[in-house]
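Beneath this line is the structure, given in structure tokens, with notes to follow.
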């Protein structure tokens with residue numbers, strides 16, 4: 031697999047996909063989606079299938095009707111090795127979309143920030159809610175693909191309908207509890223990387239801190255995330271740099287905060303992996319903030 035570019039940028043404010051995925055049991059790499067993150071909220075509803083879901087803190091089994099709410103910049107993946115195929119609805123919404131549709135008595139932005147404060151949140155929908163949600167998401171996907179009269183109004187109405195459905199479920203349903211299946215060693219590795227992101231991180235350093243063999247640790251990590259530790263550290267640093275710049279940090283400030291000692295190396299790596307230079311990335315967010 032090409033680790034040089036791991037896509038994480040949602041190029042539109044709203045993305046809606048109703049998908050059926052299949053895997054090839056002859057190829058192990060096809061059973062897992064690479065550990066990744068987005069610069070938008072993700073709402074993942076499982077309609078059919080049997081999969082496991084992992085974030086940076088936990089892992090759990092997902093069943094029909096489970097709606098997983100994933101905050102921006104949180105790395106996650108899914109293991110779909112148990113069944114073939116599986117069907118789901120995935121909606122990605124930028125923070126700006128939640129703010130735009132919020133009202134004084136209906137603050138979507140604050141609701142989903144609270145909901146995902148500790149990472150992924152899992153809700154559950156019954157059959158009636160699933161039907162309503164899939165109908166609205168299907169209409170949203172169709173509206174996005176056409177240029178019919180009133181498209182923007184229909185898209186806004188459908189987004190509001192979907193957000194209200196998710197919000198009401200979150201506020202009235204019982205919290206969904208799942209058995210944590212995330213291997214403790216992987217959790218400890220991710221925690222170490224998070225805590226030492228601004229420092230020099232090496233495999234030997236992680237292995238020594240966690241009292242495990244480096245080769246064994248690397249195998250365990252990749253088995254869950256699908257990504258080698260070294261490549262994850264790079265991607266995590268760039269992701270954090272993006273978040274810092276989107277919140278007002280300069281490219282040079284972000285560079286040193288995420289563990290790069292040389293700005294030229296940071297800029298070169300960022301540009302190669304993200305397809306845009308740090309300076310242009312920061313300027314794009316600065317321009318967006320001025321126009322809001």
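Numbering (this note's numbering), first residue to last: 31 to 322. Glycine is no exception: its CB is placed at the ideal position from the N, C-alpha and C atoms.
For the beta strand (DSSP E) assignment, the uninterrupted runs of no fewer than 3 residues enclosed by the segment 59 to 100 are, from N- to C-terminal side, 71 to 78, 81 to 84, 89 to 92 and 96 to 100.
The three-state reading of DSSP puts residue 133 in strand, counting E and B together.
A direct Cα-to-Cα measurement between residue 223 and residue 306 gives close to 25 angstroms.
Within the same chain, no Cβ atom closer than 6 angstroms to the Cβ of residue 277 is found once the five residues on either side in sequence are excluded. Short of 6 angstroms from the beta carbon of residue 269, and not among the five residues preceding or following it, lie these beta carbons of its own chain, in chain order: 67 and 103. With contacts defined by Cβ atoms closer than 9 angstroms, residue 106 and residue 211 do not form a contacting pair.
In its chain, beyond the 5 residues on either side, no residue has a beta carbon closer than 7 angstroms to the beta carbon of residue 134. Fully contained in the segment 173 to 248 is no beta strand (DSSP E) run of length 3 or more. Assigned with DSSP and collapsed to three states, residue 44 falls in strand. The beta carbon of residue 195 sits closer than 8 angstroms to those of 159, 162, 163 and 166, all from its chain and outside the five residues before and after it, given in chain order.
In the DSSP assignment, the residues bridged to residue 153 are 97.
Closest option to residue 275, judged by alpha-carbon separation, among 288, 261 and 203: 288. Taking the Cβ atoms as the reference, residue 73 lies roughly 6 angstroms from residue 97, within the contact range of under 8 angstroms. Residue pairing by DSSP places residue 306 opposite no residue, since no beta bridge is assigned to it. Excluding residues up to 5 positions away in sequence, 281, 297 and 300 lie with their Cβ nearer than 6 angstroms to the Cβ of residue 308 in the same chain. The distance from the Cβ of residue 187 to that of residue 123 is about 15 angstroms, inconsistent with a contact at the 8 angstroms cut-off. In the DSSP assignment, residue 123 falls within the unbroken beta strand (DSSP E) covering 116 to 123. Following the DSSP letters along the chain, one finds residue 265 inside the alpha helix (DSSP H) bounded by residues 259 to 276.
The secondary-structure analysis by DSSP pairs residue 108 across a beta bridge with 83.
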